[in-house]
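Read through the structure below, which is laid out as structure tokens, and then see the notes.
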Amino acid sequence: MITANWQAPANIATLSTTRANGVSMAPFSSFNLALHVGDKEADVLANRNQLARSLPATPVWLNQVHSADVVVVDKQFDHRQVCSADALYTRIANQPLAIMTADCLAILLCTKDGNEVAAIHGGWRGLAGGIIANTLTNFIAPTKEIIAWFGPAIGAQQFEVGNDVKETFLELAPAYGTAFTVQREDKYLADIYALAKLQLADHGVLDVSGGEYCTVSQPELFFSYRRDGQTGRMASLIWRK
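Just so we're on the same page, our numbering is the position in the sequence shown counted from 1, plus 23.
This is the structure:
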């Protein structure tokens with residue numbers, strides 16, 4: 024498993040899983056944590072139980088739908104429900120927040136005082152829809168007091184998109200054009216790490232770490248929907264101790 028390499032307070036814990044050391048069979052081999060991809064439920068639950076041994080409590084999972092919706096996990100939150108949303112925020116201690124990915128970008132956030140944390144599922148649709156801004160509005164601390172870490176995602180040399188994706192971001196801000204490189208006619212390589220970093224900077228979050236992995240080109244470590252189609256999901260988690 025991977026932990027965030029960032030300058031977070033001592034009471035902030037993170038964990039990002041790889042595909043290794045689970046019980047799922049191909050094409051979900053082996054540490055698949057997603058119930059929605061066609062894997063055997065018993066195998067997924069066994070993997071989740073194994074993950075739980077590294078956590079202080081059962082994590083909050085989402086039904087991720089590439090939206091810009093954020094769930095606030097507070098004392099009134101019903102842990103029996105699985106919300107359809109793409110980000111989680113909490114000030115509760117020892118409550119892990121989980122985001123599943125297999126090419127999309129997991130963004131973990133915390134405040135420099137260690138009192139607030141969030142986890143974002145950053146697919147391109149969510150980024151374009153405002154998932155980062157919507158998550159940041161829940162923080163009490165000013166954005167200059169928030170730091171971010173990027174979990175494993177599709178690398179800039181692998182994420183080919185059409186002109187529609189580029190134009191969607193250019194309509195938001197011309198500066199986002201720097202995250203796209205011409206590949207061939209009407210096709211571009213998109214840097215999802217750069218897009219997220221630009222958006223965070225636009226909202227005052229300048230302390231950003233991570234972004235060194237590529238899920239597509241590291242098959243021994245990561246699931247990749249772009250590479251394999253039917254496959255499992257990793258999870259990136261954050262919590263306050």
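Quick reminder that beta carbons are idealized off the backbone N, C-alpha and C, glycines included.
- The closest CA to that of ILE122, considering only LYS189, PHE173, GLY152, is found on PHE173.
- DSSP places TYR216 in the helix class (H, G or I) of the three-state scheme.
- Put simply, the backbone Cα of MET257 is about 7 Å away from that of ARG42.
- Note: TYR211 is bridge-paired with VAL184, VAL205 in the DSSP secondary-structure output.
- Fully enclosed alpha helix (DSSP H) runs of no fewer than 4 residues occupy 147 to 152, 154 to 159, 186 to 195 of the stretch 141 to 199, in order along the chain.
- Per DSSP, the unbroken beta strand (DSSP E) holding ASP230 starts and ends at 230 to 233.
- The three-state reading of DSSP puts VAL67 in helix, counting H, G and I together.
- For TYR236, no alpha helix (DSSP H) segment is defined, and its DSSP state is neither H nor E.
- It is roughly 8 Å from the alpha-carbon of GLY149 to the alpha-carbon of ASP109.
- Contact between the stretch 116 to 133 and the stretch 74 to 84 is present, with at least three C-beta pairs closer than 8 Å.
- The Cβ atoms of SER232 and ALA142 lie no closer than 8 Å to each other.
- Here ARG263 carries a strand assignment [DSSP, helix/strand/coil].
- With a cut-off of 8 Å on Cβ pairs, the stretch 43 to 54 is not in contact with the stretch 193 to 208, counting fewer than three such pairs.
- In the DSSP annotation of this structure, the continuous segment of the alpha helix (DSSP H) that includes ARG250 starts and ends at 248 to 251.
- In this structure, THR204 keeps its C-beta atom at 8 Å or more from the C-beta atom of PHE162.
- The continuous beta strand (DSSP E) containing CYS133 extends over residues 128 to 134.
- As the crow flies, the alpha-carbon of GLU183 is around 12 Å from that of TRP147.
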